[in-house]
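Visitor: Sending over a structure as structure tokens; questions will come in a sec.
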Amino acid sequence: MAADLLSGLNPAQRDAVSAGTGAVLVLAGPGSGKTRVLTHRIAYLIGEMGIPPRGIMAVTFTNKAAAEMRSRAESLLDGHIDGLQIGTFHSICARILRIEADHLPSGYGRDYVIYDSDDQTALMKTVVAEMRIDPKKFSPGRILNGISGAKNELITPAEYASSDYFTEIVKRAYPIYQERLRNNNALDFDDLLMMTVTMLRDDEIVRQKYQRRSEHVLIDEFQDTNTAQYKLIRLLGGYHGNLFAVGDEDQSIYAFRGADYRNVQQFRKDYPEARVILLEQNYRSTQIVLDAARSIIDKNKNRTPKQLFTDKEGGSLVTVHEAYSEGEEGEWVVERVRALMRRQGYSYRDIAVMYRINALSRTLEDAFKATGVPYRIVGGVSFYQRREIRDLVAYLRVINNPIDTISLNRIINTPTRGIGDKTVTTFHDWVAARGRGYLEALEAIANGTLIPVTGRSGKALAEFASLIIDLRKIAFPGDDTPTDLTVLFDELTARIRYVAYLPEISTTPEQVQERLENIQALRGLVSSKKDLRLDDFLADVSLNTEAEPVEESGEQIANSVTLLTLHAAKGLEYPVVFIAGVEDGLLPHSRSFADADEMAEERRLMYVGLTRARDHLFLSYAFRRSLYGESIPSIPSRFLADIPAHLTEGASLKVRHMTEREAYKEATRWDSDTPSRPAQTGRAKIFEFDSRAAASKDRAASLPTPTPGLKYKPGMHVYHPKFGTGIVVDSRRSGSDEEVSVRFEDKQFGLKRLMAEFANMRIIP
DNA sequence: CTTATTGCCATTTTT
DNA sequence: TGGCAATAAG
């Protein structure tokens with residue numbers, strides 16, 4: 177068995193899989209077989225070390241990863257994995273909280289609901305309204321972001337410290353928001369983590385229970401953990417101390433969600449005796465691809481250097497292409513796709529087109545549509561985001577937990593039944609005044625004992641109350657008969673005549689049909705889980721946001737080119753990878769210019785994209801790009817200049833021969849006039865750029881690389897006589913002068929590129 | 001209560 | 001450019 181288990185592994189993988197007890201940190205480069213290591217580790221623990229499956233807890237970020245790990249472990253162990261705990265951080269926490277519901281803060285019960293971001297926003301809107309805050313200035317979303325950040329750091333409302341007016345608003349909103357959640361018996365995703373950590377930390381009994389059980393804790397994608405998640409695994413592993421963390425700092429691309437790759441370094445500090453194992457053998461890409469990727473990532477600091485290597489020596493060069501416009505970029509991509517099919521025998525499914533922002537999918541999609549090359553876009557509205565699904569799930573939520581006012585408000589007049597805003601408000605006020613809760617209120621209204629609203633709408637309200645109460649009787653029959661959820665679902669859709677309502681919320685017959693199919697799919701899902709308790713079913717739904725029960729029509733999908741964002745591409749691989757829009761401002765994204773950490777993350781994003789490719793890489797940028805309604809000259813990504821010329825081919829440099837003087841004129845002509853045409857500077861960069869000559873020339877002088885030691889630096893505040901005050905976002909040498917990118921406060925001017933010598937700017941200290 | 005209009009905004013998003 | 005959400009009018 178041991179021989180079997182370890183025989184197919186390379187030495188580093190074997191070390192990791194067969195490591196003894198204690199903390200282990202596996203730094204796994206892209207394509208180095210990290211899932212293999214994790215699954216074999218599980219098999220090794222059970223098969224060789226005799227650990228009972230229930231003593232093992234494996235934590236992932238996505239359901240997909242959890243499912244894959246489970247099935248691979250299962251096949252390695254011939255199905256002997258009963259009790260093995262594999263799940264996402266959130267699902268594991270949700271389960272613990274449900275089991276230990278007695279230890280939750282008062283107001284919460286086992287039947288709590290999980291609010292997704294739409295629910296959160298709806299709730300926060302009520303908070304903002306109550307606080308009399310201008311939602312334009314402080315949007316619910318931004319406030320929620322602030323709160324989420326705090327929760328990820330395990331900061332309570334009381335501990336939250338404000339540092340400016342915005343965070344002061346967050347500080348005020350946070351406790352109110354939490355109170356509202358509790359009033360609704362609801363937790364948001366961040367609460368699941370934070371409350372579990374709090375519970376394990378503060379409750380000796382609960383802590384011991386889970387610590388004793390967790391003999392071995394394995395963590396996937398460790399670089400993506402936030403503070404709460406790291407704390408969670410430290411707590412779970414706190415008794416046995418067997419933490420097996422697998423990750424790669426270079427693939428950390430979720431900082432904006434609180435992920436902190438420095439947890440990898442922290443792990444080494446927290447467990448100084450930990451074994452650290454590097455997986456550097458790559459089983460995916462050619463050496464050329466790896467070399468190109470490495471030229472990008474090696475520029476980052478604060479990382480563990482890795483020397484990825486592969487048996488796939490050589491490979492074809494990275495193709496760099498300049499298109500005139502985004503439209504021609506799309507055409508070029510499709511053209512290359514067809515050539516790959518014709519000449520090299522690839523299938524559509526072997527090819528992926530990646531981009532930094534979703535907006536780029538549109539023009540690419542147009543090109544695919546025009547030529548009839550089959551494609552699919554990853555992302556978009558997930559199943560559970562669909563209106564009809566949300567409506568029906570909201571009904572189930574209210575049946576389960578009538579105090580969930582966000583869901584209640586969603587459905588109280590859906591389908592339309594004559595209950596308007598005024599009635600709703602009156603109803604809520606009335607319930608609040610009685611102080612007895614929603615369930616009792618609905619019961620009283622249903623049987624006519626109490627009438628909060630008179631007249632026509634009062635009648636409608638009473639009917640609604642009866643509906644909910646009746647459905648509750650089906651869901652909870654009283655005796656301990658388990659309810660078939662399908663029965664409940666069918667009764668629900670019949671009673672509210674939801675299908676008849678569909679045309680009202682649809683614009684085309686096709687849309688009606690689509691919604692109908694979605695409802696069928698939901699019914700299928702219900703039926704496959706019909707024996708679950710309603711609250712467990714709802715938790716399941718909330719925690720499986722990605723699941724797409726509808727398989728879209730047939731073989732087209734099965735073999736088509738994949739279009740997806742770089743973020744969505746993480747963890748995937750394709751024989752051929754295109755990255756479109758490799759331009760400064762897109763990749764790296766302009767929002768990251770002013771912050772070195774964010775810029776480093778953009779670099780990792782590029783790295784993730786490059787390392788998805790098995791054989792071929794195509795990178796493209798457009799000379800001018802229309803985005804958000806305006807056409808702007810663009811600059812090739814600074815990252816392109818980091819790839820050594822001998823690894824690339826192509827890079828059409830049609831206009832390379834423009835003289836320095838001409839280029840300078842181009843660059844400055846927009847500076848002095850027409851404020852109505854902002855951001856139209858900087859063409860000179862394009863003319864100067866030459867990715868092939870780059871490596872052989874003096875880099876600092878010839879390339880758009882941010883150069884330290886110039887007069888303006890990112891973050892500086894400046895004053896311009898015409899444009900007012902702004903913040904320096906970027907600065908680089910341009911000929912003998914300095915080209916400064918400034919984001920002006922006045923939105924009318926926005927981001928501008930100016931030549932320092934002529935711009936007559938003042939630095940504000 | 002539905003429908004039309006306007007105005008604003010636009011990275012990424014595993015749960 | 002276009003999609004959505006808040007607002008005004010039918």
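Take the working numbering: the final residue in the first sequence is number 941, and no numbers are missing along the way. All C-beta atoms in this analysis are idealised placements derived from N, C-alpha and C, irrespective of residue type, glycine included.
1. Measure from the alpha carbon of Ala-219 to the alpha carbon of each residue in Ala-188, Ser-208 and Asp-180, then state which is nearest.
2. Among Pro-228, Val-200, Leu-203 and Glu-250, which one has its Cα closest to the Cα of Thr-215?
3. Determine the direct distance from the alpha carbon of Ala-450 to that of Asn-936, and round the result to whole angstroms.
4. Check the DSSP bridge columns for Met-530 and list the partner residues they point to.
5. Would the segment 272 to 284 count as touching the segment 415 to 430 if we require 3 or more Cβ pairs under 8 Å?
6. Please determine if the segment 706 to 716 and the segment 654 to 668 are in contact, where contact requires at least 3 C-beta pairs separated by less than 8 Å.
7. How many angstroms separate the CA atom of Val-904 from the CA atom of Met-530?
8. Taking the runs of the beta strand (DSSP E) that are 3 residues or longer, which of them lie wholly in the segment 551 to 612?
9. Excluding five sequence neighbours on each side, which residues of the same chain lie with their C-beta closer than 8 Å to the C-beta of Asp-467?
10. Please report the straight-line C-alpha distance between Leu-739 and Tyr-336, rounded to a whole angstrom.
11. If the criterion is Cβ atoms closer than 7 Å, does the pair Phe-914 and Ala-932 meet it?
12. With DSSP collapsed to three states, give me the class of Asn-476.
13. Which first and last residues belong to the alpha helix (DSSP H) in which His-216 is found?
14. Considering only the beta carbon of each residue, do Tyr-677 and Pro-591 sit closer than 7 Å?
15. What is the DSSP secondary structure of Gln-261, reduced to helix, strand or coil?
16. Give the single residue among Val-202, Lys-327, Thr-264 and Ser-428 whose Cα lies nearest to the Cα of Asp-367.
17. Here's the rule: buried if 16 or more other CB atoms are within 10 angstroms of the residue's CB, otherwise exposed. What is Ile-533?
18. Taking the alpha-carbon positions, what's the Ala-638 to Ser-558 distance?
19. Taking the alpha carbon of Thr-166 as the point to measure from, which residue in Arg-779, Gly-198, Tyr-895 and Phe-754 has its own alpha carbon closest?
20. Quick check on DSSP: helix, strand or coil for Asp-655?
21. Alpha carbon to alpha carbon, how far is Asp-656 from Asn-576?
22. Does the beta-carbon distance from Tyr-447 to Ala-199 come in below 7 Å?
23. Excluding sequence positions up to five away, which residues of its chain have a Cβ less than 8 Å from the Cβ of Thr-602?
24. How big is the Cα-Cα spacing for His-893 and Asp-773?
25. Going by CA-CA distance only, name the one from Leu-568, Thr-581 and Gly-503 that's closest to Ala-543.
26. Quick one, are the C-beta atoms of Ile-582 and Asp-760 less than 7 Å apart?
27. Taking 7 Å as the threshold (C-beta atoms), are Ile-395 and Val-235 in contact?
28. Are the segment 473 to 489 and the segment 514 to 527 in contact at 8 Å, needing three or more beta carbon pairs?
29. Below 7 Å between beta carbons: does that hold for Arg-943 and Arg-274?
30. By how many angstroms is the C-alpha of Pro-229 removed from the C-alpha of Leu-795?
31. Beta carbon of Ser-768, beta carbon of Met-775: below 7 Å?
32. Report the rounded CA-to-CA distance for Arg-479 versus Ala-528, giving the unit in angstroms.
33. Helix, strand or coil for Lys-928 per DSSP?
34. Could you give the C-beta distance for Leu-618 and Ile-644, rounded to a whole number, given that I count them as a contact under 8 Å?
35. Can you tell me the Cα-Cα spacing of Ala-499 and Ala-242, whole angstroms?
36. Using a threshold of 6 Å, is the CB atom of Gln-520 nearer than that to any non-hydrogen atom of the ligand GDP?
Guide: On the basis of the coordinates in this document:
1. Asp-180
2. Glu-250
3. 56 Å
4. Leu-740 and Ile-755
5. no
6. yes
7. 30 Å
8. 551 to 553
9. Pro-820 and Leu-823
10. 41 Å
11. As written in the sequence, residue 914 is Glu, which differs from the Phe given in the question. Going by C-beta atoms, Glu-914 is nearer than 7 Å to Ala-932.
12. coil
13. 210 to 223
14. yes
15. strand
16. Lys-327
17. exposed
18. 34 Å
19. This structure gives no information on residue 166, because the portion of the chain shown stretches from 177 to 941.
20. coil
21. 16 Å
22. yes
23. Pro-628 and Val-629
24. 20 Å
25. Gly-503
26. no
27. yes
28. no
29. Coverage of the chain is limited to positions 177 through 941, which leaves residue 943 absent and any answer about it impossible.
30. 46 Å
31. yes
32. 28 Å
33. strand
34. 6 Å
35. 41 Å
36. Of ligands this structure carries none, so the ligand GDP is not represented either.
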